[in-house]
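Sequential numbering from 1 applies to the sequence shown in the UniProt record's numbering.
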Amino acid sequence: MATRVLQSMGNGLKHTKQGLQANGQGTVIIRSLSASHNRNREDSWFKSLFVRKVDPRKDAHSHLLAKKEDNNLYKIQFHNVKPECLDAYNKLCEDVLPSIHADPEYPCELVGTWNTWYGEQDQAVHLWRYRGGYPALTDVMNKLRQNKEFMDYRNERGKMLLSRRNQLLLEFSFWNEPVPRSGPNIYELRSYQLRPGTMIEWGNYWARAIEFRQQNHEAVGGFFSQIGSLYMVHHLWAYKDLQSREDTRNAAWQHEGWDEVVYYTVPLIQHMESRIMIPMKSSPLK
Numbered sequence: 001m002a003t004r005v006l007q008s009m010g011n012g013l014k015h016t017k018q019g020l021q022a023n024g025q026g027t028v029i030i031r032s033l034s035a036s037h038n039r040n041r042e043d044s045w046f047k048s049l050f051v052r053k054v055d056p057r058k059d060a061h062s063h064l065l066a067k068k069e070d071n072n073l074y075k076i077q078f079h080n081v082k083p084e085c086l087d088a089y090n091k092l093c094e095d096v097l098p099s100i101h102a103d104p105e106y107p108c109e110l111v112g113t114w115n116t117w118y119g120e121q122d123q124a125v126h127l128w129r130y131r132g133g134y135p136a137l138t139d140v141m142n143k144l145r146q147n148k149e150f151m152d153y154r155n156e157r158g159k160m161l162l163s164r165r166n167q168l169l170l171e172f173s174f175w176n177e178p179v180p181r182s183g184p185n186i187y188e189l190r191s192y193q194l195r196p197g198t199m200i201e202w203g204n205y206w207a208r209a210i211e212f213r214q215q216n217h218e219a220v221g222g223f224f225s226q227i228g229s230l231y232m233v234h235h236l237w238a239y240k241d242l243q244s245r246e247d248t249r250n251a252a253w254q255h256e257g258w259d260e261v262v263y264y265t266v267p268l269i270q271h272m273e274s275r276i277m278i279p280m281k282s283s284p285l286k
């Protein structure tokens, strides 16, 4: 019996190291194929764990995601203020920042300035837009160093701060550009730290998702970082009050496709944070 089975299988197997063995009862057990064949399969499987196919893009991700027609660059500043100095800090900002915003010599605009209401306490957030990109930013910085009022403001401000940080941002092409709006409103800044390499995927989903979140005009602006903490995304929303925020966010779940966006984008996030902010008196976003 074993002989006949061996002869019938002989045409389909190599004669060297056939890997065939009778178990003593006339049954043939196939132990393995050739050693070289196994090694090739193991090598291929092992390499597949570490080798990924590279998407042959010819442009930076930032160029694919950002608006190209206006060449805007944004700077967001987070200032943590000594609690006893918050009122004086706000007054100082209201006296100086609007003058820079209004001066045509400076190619920059104050988009919005806020105090954090819920989230990190005793914090101010400023968002600036530089029309003309990095050259405009450099031009403004050079001119401010020659501006005595601003340098005095910066020195006085330094006495009031516990810490500060900033980021340079680009705006997503599928978000509206933030423009002044009347109030009163509260603003939510939702900040997402994404896993490296997932920004394109995030943009692809949100290019569709933003359609679900514009019906109540709550979408203000969407940005991603270029310098500072990288793979950071900031979404800025406006609401009349906290209850309006709750109602608007719940209404999004009634749109077909919103649940899919949430399902596929949550795994891209490493960390997320929400700030509820109140505009300062000098903020163009009221």
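Glycine included, C-beta positions come from ideal geometry on N, C-alpha and C.
Everything numeric in this text was worked out from a predicted model, so none of it was measured.
Nonlocal neighbours in the same chain, by C-beta distance under 6 Å from residue i, ignoring five residues either side
i: residue 209; result: 261
i: residue 108; result: 128, 130 and 140
i: residue 77; result: 126 and 166
i: residue 51; result: With a pLDDT of 43 at residue 51, under the threshold of 50, the modelled position of that residue is not reliable, and no figure is offered here.
i: residue 272; result: 192
Beta carbon of residue i nearer than 8 Å to that of residue j
i: residue 160; j: residue 81; result: yes
i: residue 164; j: residue 101; result: no
i: residue 288; j: residue 124; result: No answer is possible for residue 288: the residues shown for the chain start at 1 and end at 286.
i: residue 237; j: residue 251; result: no
i: residue 114; j: residue 283; result: yes
i: residue 153; j: residue 205; result: no
i: residue 178; j: residue 110; result: no
i: residue 202; j: residue 137; result: no
i: residue 156; j: residue 86; result: no
i: residue 212; j: residue 255; result: yes
i: residue 231; j: residue 199; result: yes
i: residue 122; j: residue 83; result: yes
Beta-carbon proximity list for residue i, same chain, < 7 Å, skipping 5 on both sides
i: residue 143; result: 105 and 106
i: residue 217; result: none
Integer-rounded CB distance, given that residue j should sit under 8 Å from residue i
i: residue 258; j: residue 221; result: Not a contact, Cβ separation roughly 20 Å.
i: residue 65; j: residue 173; result: 6 Å
i: residue 274; j: residue 119; result: 7 Å
i: residue 132; j: residue 71; result: 6 Å
Task: the segment 91-101 / the segment 164-178 touching (three or more Cβ pairs under 8 Å) - done: no
Open item on the list: With a threshold of 8 Å, are at least 3 pairs of Cβ atoms found where one atom belongs to the segment 271-281 and the other to the segment 182-190?
Closed with: yes
Open item on the list: Using a Cβ distance threshold of 8 Å, determine whether the segment 189-198 contacts the segment 244-257, with at least three qualifying pairs required.
Closed with: Proximity of the segment 189-198 to the segment 244-257 falls short of the contact definition, fewer than three beta-carbon pairs being nearer than 8 Å.
Task: Runs of beta strand (DSSP E) lying entirely within the UniProt domain "NIPSNAP" (187-284), each at least 3 residues, in chain order - done: Runs of the beta strand (DSSP E) inside the UniProt domain "NIPSNAP" (187-284): 219-227, 232-239 and 269-279.
Task: In chain order, each beta strand (DSSP E) run of at least 3 residues that lies wholly inside the segment 89-163 - done: 108-118 and 123-131
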